[in-house]
Every structure is written in structure tokens, then in C-alpha cells.
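Under the working numbering, the first residue of the sequence shown is numbered 687, with each subsequent residue one higher. A virtual CB, placed ideally from N, CA and C, is assigned to each residue, including glycine.
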Amino acid sequence: MGKVKYATGIDYVKGSLAKPKKKDGHSCGTYLIGTHREAETTNPNCTSLYVREANVYERSTPVTTKEMRIRVRFAAVAAAVAARKDSLEYASSDQAAFLAQKDSANGKKTMKSYLWSVCAAAYDAEHPQG
Numbered sequence: 687m688g689k690v691k692y693a694t695g696i697d698y699v700k701g702s703l704a705k706p707k708k709k710d711g712h713s714c715g716t717y718l719i720g721t722h723r724e725a726e727t728t729n730p731n732c733t734s735l736y737v738r739e740a741n742v743y744e745r746s747t748p749v750t751t752k753e754m755r756i757r758v759r760f761a762a763v764a765a766a767v768a769a770r771k772d773s774l775e776y777a778s779s780d781q782a783a784f785l786a787q788k789d790s791a792n793g794k795k796t797m798k799s800y801l802w803s804v805c806a807a808a809y810d811a812e813h814p815q816g
């Protein structure tokens, strides 16, 4: 692997420097990705630069039935969480239930994670896997 030295004033780059252009159903160019290692190390070379082909992130297999069920479940639970978060009907009861379970061993530490667990359990109860 080669060393990367950026221009004066740029210590490191994290993320995509260049992406392929998509036009008329095909991609032209490559991905250029810069990384910076933040873990403690004695190695002074902590930046890397990767070049990836334009189609590296394209899916090579069709979506399975299981994946579709997972996607549908995620979308439904996300919508239920968003609706419940803004609902005045459940606000006080959700707050009380959240505070009651928060300090337990397996308790959810944020209101959002608590709502996800409640809405996911409700979805799973309505849609049992067969």
C-alpha cells in the first residue's frame, strides 16, 4: 500500500473524493475513497487512499423473500415510531413506561429505542412469521 500525502494544509481526508458519473444506464469513472485511521498505533502512516470500480456497490444477487419481509417490517415499524412519537394520545403513558424500564438491566436507554422496541413488538404480534 502506498503512502498518501495531501496538499499543504490538508491533514487527512475521510470519505469519497470522487464518484463515478451515471449516465444513460452505465457508470463512467471510479470511486476514490480517502480514509484516516483514528485508533491508537505506533505506525505514522494513518491515511490510505482506495480506488474502487464503478460497479463495486451494485448488488450481484436478487433480493430474497426474507430480505423483502425485513424491509417491509422496517418500513412499517419506522412509520409507527414516527407516528407514535408525535401522538399526544400515548405521550404520557410512553414517558412513564420508558422511565420505569430505563434503569433495568435490559432497559432501553433512549426514548427512541424504547419506541422502536414497543412498535416492533406490536408489529411482530400482528404479523407472526409462519
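When the beta-carbon positions are compared, Ser-713 and Ala-740 come within less than 7 Å of each other. Cys-805 carries a helical assignment under DSSP once its states are collapsed to helix, strand and coil.
Residue range 777-788 is occupied by the alpha helix (DSSP H) that includes Ser-779. Between Gly-711 and Leu-735, the gap from beta carbon to beta carbon reaches 7 Å or more. The three-state secondary structure of Ile-719, taken from DSSP, is strand.
For Lys-691 and Thr-728, the gap between their C-alpha atoms comes out near 18 Å.
The Cβ neighbour count for Phe-760, taken over all protein chains shown within 10 Å, is under 16; the residue is labelled exposed.
Taking C-beta atoms as the reference points, Ala-693 and Val-763 fail to come closer than 7 Å.
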